[in-house]
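Notes follow the structure.
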């Protein structure tokens, strides 16, 4: 699975996306590293949405979602390390645990990258109305860049931009191609609804409630599909970011040109003395042998000239076989002769005519085989000289390419002599950001690179870089403060002791309850039961079942079996049921029937209403149980 440096070439955005998809389809390690973080984000998001819908405190759900998002950042870093090892190390499928340990070693830097990306993307979405989020895409490789352990964290965007180099445009195209998640979102919705329909048609299970939940007008279902699509594309993001860094390195360092130079044939450095003179002598003798004899006047039909080197090799092989010489299949020189260039056609024509004349006309096979042997030797030497000439030409061409301006190395600038002037006074903010930058560099950066000395900023002038650094420090500080406040409040929370604990009793205004006909406590149980009988007499059995169920909830609340709250669901009442044990199965059956009738739109007949009335009768007619009984 590893990719050699000789096979790496600059790619466009579509090729990078295609390579990322193929890599995710063949490697299970990327999925094993990214799915835990994606599953944690899905669960935390659904927990937070449920807390918002139920009106519960958002302290704990927000903390859980924040921790899940940081876990997702660590998973992305481990996946980027895994993909890079898979591509460049060349030792087969790397171990997942190795990438996990590498991510744990870079955990503070990865957490900083999560906070940095959260603040930067939020600013891009708000200030540029989403346009900058699509155009400024160098931050997409942040996790892969952090795993390399180079560059300053406070200038993460600049570091990612330098690593991408000419591949920054490709990164923008890849971000645009990630919009295919919209199609995946709708495909998941269609596939899950189709599966529910097949289950209902083929198996016969009533899934009306599930089909109603899996609808696009349900905000919980939409958020679940969004989180699921986001989690499914986590491996693709890790693979694409690593491939973009590799592509940027290829474009910046010219590894494709270096690969072409390395494929050139090497010169024979250990040439024995006298080899040059022997080669010259062989060429001179070969030229003398290749000169054909004058044609005889009595020759009736001149033989056809040689059309190509392959034709000459074939005709010489026929002569060798006729004279019982070496077979063309056994002697590789016949095959190599076919590789001669077209400039050697005249010499081959003379050699073939000389050998055929000696073999056929003079019937002297010994002389023909001797001439053939000398011609093969001379042709082999010519091929070697031709190969060396081609290698020299390719080397010269590569040297000319490397001499172009885009591959030139910028000369080091000579340090200008500094004038003996007094150092300018830096502001307190500049001193603070300098101290914080050095502290973070010592904590997080393991492979510090030697950076050129920076000139002190002019007093009273705030540059754009300083403003960006201040903004990042402010966002990170606010994140740390919020997390600290959340943890402090969670740890400071103490349960009330037995002495101070008491039951908070709240009263409800009867006039306010009467104005809310959907509230179970707006009528007594007998009033709801009488209303249900009146509705059943008019044939409205579905409303009658609802009236009986509200009468049931009113009775259970008055008996202390449940604590009625309009924000709770029917199954929440069942879970907090504290009444008689023999009532709980009956209450479960009544809740199930009511959900199918009211929310599932199941038709209710007179028989169904009478069965529901018979099930509620024991509970509605029972006297309240004494406390402590």
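Numbering (my numbering), first residue to last: 1000 to 1628.
Yeah, the Cβ is synthetic: ideal placement off N, Cα and C, and Gly gets one too.
These figures come from a predicted structure and were not determined experimentally.
A straight line joining the alpha-carbon of residue 1187 with that of residue 1214 spans about 12 Å. Put simply, the segment 1207–1223 touches the segment 1580–1600. At least three CB pairs are less than 8 Å apart.
Cβ contact annotation for residue 1238 (same chain, cutoff 7 Å, sequence separation greater than five): 1019, 1022, 1023, 1029, 1082, in chain order. A distance below 8 Å between beta-carbons, with the five flanking residues on each side excluded, links residue 1224 to the following residues of its chain, in chain order: 1184, 1187, 1188. Counting other Cβ atoms within 10 Å of its Cβ, residue 1575 stays below 16 and is therefore classed as exposed. Residue range 1027–1053 is occupied by the alpha helix (DSSP H) that includes residue 1028. Secondary structure at residue 1579: coil, using DSSP grouped into helix, strand and coil. With contact defined as three or more Cβ pairs closer than 8 Å, the segment 1339–1346 and the segment 1355–1363 are not in contact. In the same chain as residue 1351, and ignoring 5 residues on each side of it, the C-beta atoms closer than 7 Å to its own belong to 1305, 1311, 1314, 1315, in chain order. A straight line joining the alpha-carbon of residue 1127 with that of residue 1177 spans about 20 Å.
In this structure residue 1015 does not touch residue 1191 by the C-beta definition: roughly 30 Å separates them, more than the 8 Å allowed.
Counted as a single uninterrupted DSSP element, the alpha helix (DSSP H) harbouring residue 1543 occupies residues 1540–1558.
Apart from the 5 residues on each side of it in sequence, residue 1379 sits with its Cβ closer than 7 Å to the Cβ of 1332, 1335 in its chain, given in chain order.
Rounded to the nearest angstrom, the gap between the Cα atoms of residue 1074 and residue 1172 is 24 Å. Within a 10 Å sphere around the beta-carbon of residue 1013 sit fewer than 16 other beta-carbons, which makes this residue exposed.
Taking 9 Å as the cut-off, the beta carbon of residue 1170 is found closer than this to the beta carbon of residue 1137. The three-state reading of DSSP puts residue 1212 in helix, counting H, G and I together. The DSSP assignment places complete alpha helix (DSSP H) segments of no fewer than 4 residues inside the segment 1144–1227 at 1155–1163, 1167–1176, 1180–1197, 1207–1212, in order along the chain. For residue 1341, the secondary structure class from DSSP, reduced to helix, strand or coil, is helix. Within the same chain, and ignoring the five residues on either side of residue 1326 in sequence, the residues whose Cβ sits closer than 8 Å to its Cβ are 1316, 1319, 1320. Cβ contact annotation for residue 1044 (same chain, cutoff 6 Å, sequence separation greater than five): 1226, in chain order. When DSSP states are grouped into helix, strand and coil, residue 1322 belongs to the coil group. Of the residues assessed, residue 1112 falls on the buried side of the cut-off, its CB having 16 or more other CB atoms within 10 angstroms.
The C-alpha of residue 1323 lies about 13 Å from the C-alpha of residue 1330. Annotation: residue 1599 is outside any alpha helix (DSSP H) and is labelled neither H nor E by DSSP. Distance from the CA atom of residue 1051 to the CA atom of residue 1059, rounded to whole angstroms, is 12 Å. Comparing C-alpha distances from residue 1164 to each of 1084, 1247, 1228 shows the shortest one belongs to 1247. Judged by DSSP in its simplified three-state form, residue 1094 adopts coil rather than helix or strand. In the three-state reduction of the DSSP assignment, residue 1080 falls in the helix class.
Of the candidates 1543, 1181, 1620, the residue whose Cα lies closest to the Cα of residue 1592 is 1543. Here the C-alpha atom of residue 1087 lies approximately 20 Å from the C-alpha atom of residue 1105.
Straight across, the Cα-Cα distance linking residue 1395 with residue 1369 is about 40 Å. Judged by DSSP in its simplified three-state form, residue 1605 adopts helix.
If you draw a straight line from the Cα of residue 1529 to the Cα of residue 1061, it is about 46 Å long.
Out of 1070, 1118, 1117, 1123, the CA that lies nearest to the CA of residue 1099 is found in 1070.
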